[in-house]
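Here's the structure, in structure tokens; my notes come after.
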Amino acid sequence: MHYEAPIREPLINGDKSYHDITVDVAAPVESKAPRSWWIVFSLALIAFLWGIGCILYTIGVGIGTWGLNKTVGWAWDITNFVWWVGIGHAGTLISAVLLLFRQKWRMSINRSAEAMTIFSVIQAALFPGIHMGRIWLAYFVFPIPNQFGSLWVNFNSPLLWDVFAISTYFSVSVVFWYVGLIPDFAMIRDRAVRPVTKHIYKILSFGWGGKAKHWQRFEEVSLVLAGLATPLVLSVHTIVSMDFATSVIPGWHTTIFPPYFVAGAIFSGFAMVNTLLIIVRKVFKMEDYITLGHIEMMNIIIMLTGSIVGVAYITELFIAWYSGVEYEQYAFLNRATGPYWWAYWSMMTCNVFSPQFMWFKKLRTSLIFSFVISIVVNIGMWFERFVIIVTSLHRDYLPSSWTKFSPSFVDIGIFIGTIGFFFVLFLLYARSFPVIAQAELKTILKSSGENYKKLHDKDGH
Amino acid sequence: MFEFTGKLKNLSIILMLIGVISVAGSFMFNGGGHHEEGGHGEEAHTEHAKEGHHEETGHDEAHASHDPNAHYYETPIERDYHKTSSRATPDNNHFDVTNGASTLTDEQIHHQIGNKPWANLLVNTFFFLAIGLGAMFFMAVQYAAQAGWTVVVLRVMEAMASFMWVPMIVMLILIVTGMGHVGGNHLWHWMAEGIMDPTSPHYDSIIAGKEGYLNNPFYLGRTVVYFIGWVGAAFMLRKMSIGMETTNDTAAQWKKMRNFSAGFLVFFAVTSSMMAWDYIMSIDTHWFSTLFGWYIFAGMFVTALTVLTLIVLYLKNKGYMPEVNHSHIQDLGKFMFAFSVFWTYLWFSQFMLIWYSNIPEEVTYYMARWGEYKGLFLTMVALNFVFPILILMSRDSKRNYGFLITAGAIMLIGHWLDVFILITPGSVGGQWSIGLTHIGTFLGFAGLFIFVVFKALAKAPLMPTKHPMYVESKHHHI
Numbered sequence: 006m007h008y009e010a011p012i013r014e015p016l017i018n019g020d021k022s023y024h025d026i027t028v029d030v031a032a033p034v035e036s037k038a039p040r041s042w043w044i045v046f047s048l049a050l051i052a053f054l055w056g057i058g059c060i061l062y063t064i065g066v067g068i069g070t071w072g073l074n075k076t077v078g079w080a081w082d083i084t085n086f087v088w089w090v091g092i093g094h095a096g097t098l099i100s101a102v103l104l105l106f107r108q109k110w111r112m113s114i115n116r117s118a119e120a121m122t123i124f125s126v127i128q129a130a131l132f133p134g135i136h137m138g139r140i141w142l143a144y145f146v147f148p149i150p151n152q153f154g155s156l157w158v159n160f161n162s163p164l165l166w167d168v169f170a171i172s173t174y175f176s177v178s179v180v181f182w183y184v185g186l187i188p189d190f191a192m193i194r195d196r197a198v199r200p201v202t203k204h205i206y207k208i209l210s211f212g213w214g215g216k217a218k219h220w221q222r223f224e225e226v227s228l229v230l231a232g233l234a235t236p237l238v239l240s241v242h243t244i245v246s247m248d249f250a251t252s253v254i255p256g257w258h259t260t261i262f263p264p265y266f267v268a269g270a271i272f273s274g275f276a277m278v279n280t281l282l283i284i285v286r287k288v289f290k291m292e293d294y295i296t297l298g299h300i301e302m303m304n305i306i307i308m309l310t311g312s313i314v315g316v317a318y319i320t321e322l323f324i325a326w327y328s329g330v331e332y333e334q335y336a337f338l339n340r341a342t343g344p345y346w347w348a349y350w351s352m353m354t355c356n357v358f359s360p361q362f363m364w365f366k367k368l369r370t371s372l373i374f375s376f377v378i379s380i381v382v383n384i385g386m387w388f389e390r391f392v393i394i395v396t397s398l399h400r401d402y403l404p405s406s407w408t409k410f411s412p413s414f415v416d417i418g419i420f421i422g423t424i425g426f427f428f429v430l431f432l433l434y435a436r437s438f439p440v441i442a443q444a445e446l447k448t449i450l451k452s453s454g455e456n457y458k459k460l461h462d463k464d465g466h
Numbered sequence: 010m011f012e013f014t015g016k017l018k019n020l021s022i023i024l025m026l027i028g029v030i031s032v033a034g035s036f037m038f039n040g041g042g043h044h045e046e047g048g049h050g051e052e053a054h055t056e057h058a059k060e061g062h063h064e065e066t067g068h069d070e071a072h073a074s075h076d077p078n079a080h081y082y083e084t085p086i087e088r089d090y091h092k093t094s095s096r097a098t099p100d101n102n103h104f105d106v107t108n109g110a111s112t113l114t115d116e117q118i119h120h121q122i123g124n125k126p127w128a129n130l131l132v133n134t135f136f137f138l139a140i141g142l143g144a145m146f147f148m149a150v151q152y153a154a155q156a157g158w159t160v161v162v163l164r165v166m167e168a169m170a171s172f173m174w175v176p177m178i179v180m181l182i183l184i185v186t187g188m189g190h191v192g193g194n195h196l197w198h199w200m201a202e203g204i205m206d207p208t209s210p211h212y213d214s215i216i217a218g219k220e221g222y223l224n225n226p227f228y229l230g231r232t233v234v235y236f237i238g239w240v241g242a243a244f245m246l247r248k249m250s251i252g253m254e255t256t257n258d259t260a261a262q263w264k265k266m267r268n269f270s271a272g273f274l275v276f277f278a279v280t281s282s283m284m285a286w287d288y289i290m291s292i293d294t295h296w297f298s299t300l301f302g303w304y305i306f307a308g309m310f311v312t313a314l315t316v317l318t319l320i321v322l323y324l325k326n327k328g329y330m331p332e333v334n335h336s337h338i339q340d341l342g343k344f345m346f347a348f349s350v351f352w353t354y355l356w357f358s359q360f361m362l363i364w365y366s367n368i369p370e371e372v373t374y375y376m377a378r379w380g381e382y383k384g385l386f387l388t389m390v391a392l393n394f395v396f397p398i399l400i401l402m403s404r405d406s407k408r409n410y411g412f413l414i415t416a417g418a419i420m421l422i423g424h425w426l427d428v429f430i431l432i433t434p435g436s437v438g439g440q441w442s443i444g445l446t447h448i449g450t451f452l453g454f455a456g457l458f459i460f461v462v463f464k465a466l467a468k469a470p471l472m473p474t475k476h477p478m479y480v481e482s483k484h485h486h487i
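From first to last, the protein sequence lines stand for chains A and B. Plus 5 on top of the position in the first sequence (first one is 1) and you've got our numbering. Plus 9 on top of the position in the second sequence (first one is 1) and you've got our numbering.
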């Protein structure tokens, strides 16, 4: 059996048996939603509906309803797109990359993180769609043979690579997530009392019987999917960064973008996981599974990736000076001291300075502080994309066309709408899906559970 | 306890002698220094002049026939690169960037020939520094990330990290001789006399703009800081690790080491990028790339992981370290595989973005490499990407020593070539060659490495048995 050093902290607290885990994980699915859930759900739904209204208005009238102008041709739309795609990185990172690194603490957070990934990629995918203007021609982004003459997609464009990268990533993430859910759906099916519920979960669990052969195939497919998902998770934000970096615009064209975007995506994704799970563990009373140790680990990853992003910011600044190219130099000077200085310094404060508090154990094990920082980081990462996109564009090579950007109510409405949509999906998920991968978690109970660790100590091995 | 046998010691001394002879020979016969002006230098000189003339004719023809390729390469470069100088376009760049007409002056060719032995030394110095620094980084990560499985190979990492002072001393010599213009050392173009002086004929406005970072005192000071930081951290971490064997409170000691390692990683994050700019990027003084530091880091890390694996396999082969099982070996192989792919990712990102944007002040870097170094350049990428992918993908091959050693040897050659292609085009230009002196110098450094590393290995028990994760590591099974 796997041996674990006694010095490691337990990953499951309390005196838990296998049955306790089943009961605790199934509880939210089997109970009625409390009033607070309905309140939050209604708010999210209202925001979502408002967003739908703004989207319909955009499609009906055109993207002239947004605040874009001839100098700043990309602003909130792509900022929101990149922000959501970035958030959609943590799930697969936790389930695939941390699986490859054998980080067992991932087991009680991967399910929700993956759900978050899928829901945020859905939000991201909305933006290129509605930005097209003529959304009924959206299928033109796929290289499908057509009868309209020699129309064909531009394979040289990173925007097209984005279509491939994100759709592949989304498909693999959904499959990966679903495969993991099968044994857990079966668990809920087996416990269900009402015939309708039983029937629904019966269909969802694909006739899972828990036989040795089932488990063997389950493990095999999980490993293959993890192997596939790892390069995919890196490729997605790499290609998103290339939307900018392949251009010749100072502030966009810089070679560090691919790895730096990936680090930033992990950073924002973990912040969002922290935001969601700090609430989930409290509301669903899952403090024994999503322990303070888990929050601490995620805070450390936030600190690490925040610092990597910080090194990248400073490298960009330094190299802009070092290059001797006046346009590069001005682009960065303008970022830090131009009309959008407040956006730049918000980004710096939120993304580089605030995670440094996590060096202190006291702070990174404080729930309230972690929650606040996770929100701050998400704001900071939104500003990062805004800074990259708008401040690089608003003062171009021709000073007579220098201008600023101000969002219209439609820009703001669509953004709020996607936040609403995201929470609608997540709230529905939280009440109908097992939010912890209980089948997987049970495999570490005897090596990492608190009670078993105590037993090991007593027996002296 | 590992024993540093007389046989191995003799081997390392012989290798060091080969290295000394090669370095000495390279300075005496390779056209280095000023005493060789009449011989080899003159010859290459004439050859070059001839070549230049020939290509000029070809160049005119190309224009006449409107060869699309010639147009693509030459027109923008001639216009933007040599005639205008308002942007980051060099006035007196010291390597030839055009595929066609040569614009090198006699003095520049002289510099290039004089640089050959120095460039050879720098390539090998950097390559071996990377092994030590990469191992130090990996070791610090083990503590900071609370990794358990690597405990049985920690001593090897410690020994590798203890080698860093040797290449750092050579580096200091290279820097000081470069600053003093000793023996034709013109590795770092920005150190040239008068290059930042507006009244000098050598004046280069772009390089002068970098004076705040590229100046002798700051540069030397940075190297001293790296030296103290890296070598000191390696010494401290090893001392604490050996101290763990005698201390009563291993958990507290381990925690202390964890904090120390986290601190080192912060220092490393900054210095590894700066070191890459200092030692390598500033050779192509005009050129810049934000990714450069991380790219160098990736290559450094793969090299160190490969050497770590090879040393572990050697020790196992000699009957040491029975605690290291197939799972450990497979995991080391996984790291070699994964970070080869990571290296390729960064290589591709930098190359593709610069190729795609095709901005003159950036693309010159790859034009130089695509021109006179094309075969070597493509071979290097193939060795560092295709081979690890093909050989190390499967689980079985990562558990097969033969496969691992083959892959490791190929990757070491590949990453040595990578360092060569990073350094040589900017310092030696078209005058490059790879020959016995390079191999000899490499063997000399290898001898030094074996001597220092294996001597360090013999000083402490191979297994840190008091490490709190030692038992977990011994039972490592995947």
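We put the beta carbon where it would ideally sit given N, CA and C, even for glycine. These figures come from a predicted structure and were not determined experimentally.
One alpha carbon belongs to residue 144/A, the other to residue 162/A, and they sit about 16 Å apart. When the five nearest sequence neighbours on each side are left out, the beta carbons in the same chain lying within less than 6 Å of the beta carbon of residue 134/A are those of 140, 143, in order along the chain. A Cβ of chain B is located within less than 8 Å of the beta carbon of residue 259/A. For residue 355/A, the CB contacts under 7 Å within the same chain, skipping 5 residues up- and downstream, are 381, 382, 384, 385, 388 in chain order. For residue 301/A, there are no neighbours in chain B by C-beta distance under 9 Å, as the nearest C-beta there is about 12 Å away. The C-beta distance from residue 431/B to residue 260/A rounds to 15 Å, too long to fall under 8 Å, and the pair is not in contact. Its Cα nearest to that of residue 404/A, the residue 76/A stands out among 292/A, 76/A, 448/A. In the three-state reduction of the DSSP assignment, residue 17/A falls in the strand class. Taking residue 84/A as the centre and dropping the five residues before and after it, the same chain places the C-beta of 387, 390, 391, 394, 395 closer than 8 Å to its C-beta, in chain order. When only Cα atoms are considered, residue 148/B and residue 250/B end up about 11 Å apart. Annotated as proximal: residue 161/B and residue 333/B, with beta-carbon spacing under 8 Å. Nearest CB-CB separation between residue 332/B and chain A: not below the 8 Å threshold. Inter-segment contact for the region 250-267 of chain A and the region 356-371 of chain A is absent: fewer than three beta-carbon pairs are separated by less than 8 Å. Considered as a whole, the region 159-216 of chain A harbours no complete run of any beta strand (DSSP E) with no fewer than 3 residues.
DSSP, reduced to helix, strand and coil, places residue 454/A within a strand of the structure shown. Spatial neighbours of residue 257/A in its own chain (CB-CB distance under 8 Å, excluding positions within 5 residues in sequence) are listed in chain order as 249, 250, 393, 397.
The beta-carbon of residue 100/A is placed no less than 8 Å from the nearest beta-carbon of chain B. Under the Cβ distance rule, residue 329/A counts among the residues neighbouring chain B, one pair being separated by less than 8 Å. For residue 471/B, there is no enclosing alpha helix (DSSP H), as DSSP gives it neither H nor E. Just measuring C-alpha positions, the residue of 21/B, 10/B, 35/B sitting nearest residue 122/B is 35/B. Going by beta carbons, residue 146/B and residue 346/B fall outside the 8 Å limit. Among the residues of chain A, those whose CB is under 7 Å from the CB of residue 480/B are 8, 10, following chain order. Rounded to whole angstroms, the separation of the alpha carbons of residue 426/B and residue 358/B is 19 Å. Proximity of residue 470/B to chain A, defined by a Cβ-Cβ separation below 8 Å, is not satisfied. In the three-state reduction of the DSSP assignment, residue 345/A falls in the coil class. For residue 339/B, there are no C-beta contacts with chain A under 7 Å, since the nearest C-beta of that chain is about 12 Å from it. Taking 8 Å as the upper bound for CB-CB distance, residue 169/B and residue 313/B are in contact here, some 7 Å apart. If you check the CB distance, residue 197/B and residue 340/B do not come in under 8 Å.
Rounded to the nearest whole angstrom, the CA to CA distance from residue 27/B to residue 457/B is 11 Å. Every alpha helix (DSSP H) stretch that sits fully inside the region 349-429 of chain A and reaches 4 residues is listed by chain position as 366-369, 372-391. Taking the beta carbon of residue 250/A as reference, the chain B residues within 7 Å of it are 362, listed in sequence order.
Interface criterion met: the Cβ of residue 278/B is under 8 Å from a Cβ in chain A. Of the candidates 200/A, 290/A, 94/A, 106/A, 290/A places its Cα closest to the Cα of residue 440/A.
Taking one beta carbon from each stretch, the region 308-326 of chain A and the region 292-305 of chain B have 3 or more pairs nearer than 8 Å; the two touch. By the C-beta density criterion, residue 191/B is exposed, having fewer than 16 other C-beta atoms within 10 angstroms.
In chain order, 190, 209, 211 place their CB closer than 8 Å to the CB of residue 202/B, counting only its own chain and leaving out the 5 sequence neighbours on each side.
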